Amino acid sequence: MVVCGAMTTEHDYLVGFKKHFKRSTLSVRVTKKPGSPLQVVQYAVARWGGASSDFDQVWCVVDVDEYQDLESAMRCASENNVELVVSNPCFEIWLLLHHTHHHTWVADYKALKILLKKYVDVPANKAVDFERHYRHLWRDAVKHARTLAEEGTEHKRNPSTRMWRLALAINGENGA
């Protein structure tokens with residue numbers, strides 16, 4: 001189970017990823033009310049109570065952005081057996097890492113969008129075409145992301161993302 005803190009980008013990417021690898025065991029659900037990291041984690045906990053008999057794992061995908069409740073979200077996730085994927089400053093850093101090993105500070109989504117446009121179209125609605133732009137490059141993104149921050153410190157390091165861990169999990173790898 002994956003709960004995304006946004007309506008389009010993360011969902012489109014993860015649905016495309018799942019479809020590409022034909023992982024029928026992964027259920028991608030998107031919160032209907034995207035919000036802060038803590039709201040996303042609380043939604044997952046209230047709805048699924050962490051890993052349950054229905055799901056082996058529950059993951060939440062959130063951005064650092066300007067949110068002030070990330071530490072609380074991390075604590076709540078840890079206490080409830082929820083895996084937290086934090087991207088700093090936002091999920092689009094993961095998309096950029098498919099195309100280049102970007103390792104310098106990025107202000108926000110707007111700045112990332114400019115960088116990402118060098119490689120792919122970035123529609124106004126933030127839709128993602130996984131098959132066209134990302135499916136052949138996801139292992140490069142894993143390799144690049146792993147070098148940006150020590151696991152568990154992604155919220156403190158810009159740029160960084162823990163999406164590499166979720167990508168490997170979806171593909172049936174543990175990533176150790």
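Numbering (UniProt numbering), first residue to last: 1 to 176. Glycine is no exception: its CB is placed at the ideal position from the N, C-alpha and C atoms. A quick note: this is a predicted structure, and the numbers were derived from the prediction, not measured.
Enclosing alpha helix (DSSP H) for LEU38 [first to last residue]: Segment 37-48, the alpha helix (DSSP H) holding LEU38.
Residue of LYS110, HIS101, ARG132 and HIS136 minimising C-alpha distance to ALA124: Per the C-alpha coordinates, the member of LYS110, HIS101, ARG132 and HIS136 positioned closest to ALA124 is LYS110.
ASP65 (DSSP reduced to helix, strand or coil): The answer is coil: DSSP assigns ASP65 none of H, G, I, E or B.
Residue from GLY49, VAL41 and TRP94 whose Cα sits closest to the Cα of LEU84: Of the candidates GLY49, VAL41 and TRP94, the one whose C-alpha sits nearest the C-alpha of LEU84 is VAL41.
Where residue 202 sits in the DSSP three-state scheme: Residue numbering for the chain in the displayed model covers 1 to 176; residue 202 lies beyond these limits and cannot be assessed.
Simplified DSSP state of VAL122, which is helix, strand or coil: VAL122: coil per DSSP, three-state reduction.
Beta-carbon proximity of LEU70 to LEU95, cut-off 8 Å: Taking 8 Å as the Cβ cut-off, LEU70 and LEU95 do not qualify as a contacting pair.
The alpha helix (DSSP H) enclosing VAL3, as first and last residue numbers: Taken as a continuous stretch (DSSP letters only), VAL3 belongs to no alpha helix (DSSP H), being part of the beta strand (DSSP E) at 2-4.
Whole-number beta carbon distance between PRO89 and VAL122, since they are thought to touch under 8 Å: With 8 Å as the limit, VAL122 and PRO89 do not qualify as a contact, their Cβ atoms being about 15 Å apart.
Residue 231 classed as buried or exposed, judged by whether at least 16 other C-beta atoms fall within 10 angstroms: As displayed, the chain neither begins before 1 nor continues past 176, which places residue 231 out of reach and without an answer.
Helix, strand or coil at GLU173 according to DSSP, with G and I counted as helix: In the three-state reduction of the DSSP assignment, GLU173 falls in the coil class.
Alpha carbon of MET1 to alpha carbon of PHE21, nearest angstrom: When rounded, the distance between both Cα atoms is 16 Å.
Beta strand (DSSP E) segments (min. 3 residues) lying fully within the segment 127-166: The segment 127-166 contains no whole beta strand (DSSP E) run of 3 or more residues.
Distance, ASP54 Cα to HIS133 Cα: One C-alpha to the other measures close to 32 Å.
Contact belief for SER160 with ALA167 at Cβ below 8 Å, rounded distance in angstroms: In this structure SER160 does not touch ALA167 by the C-beta definition: roughly 15 Å separates them, more than the 8 Å allowed.
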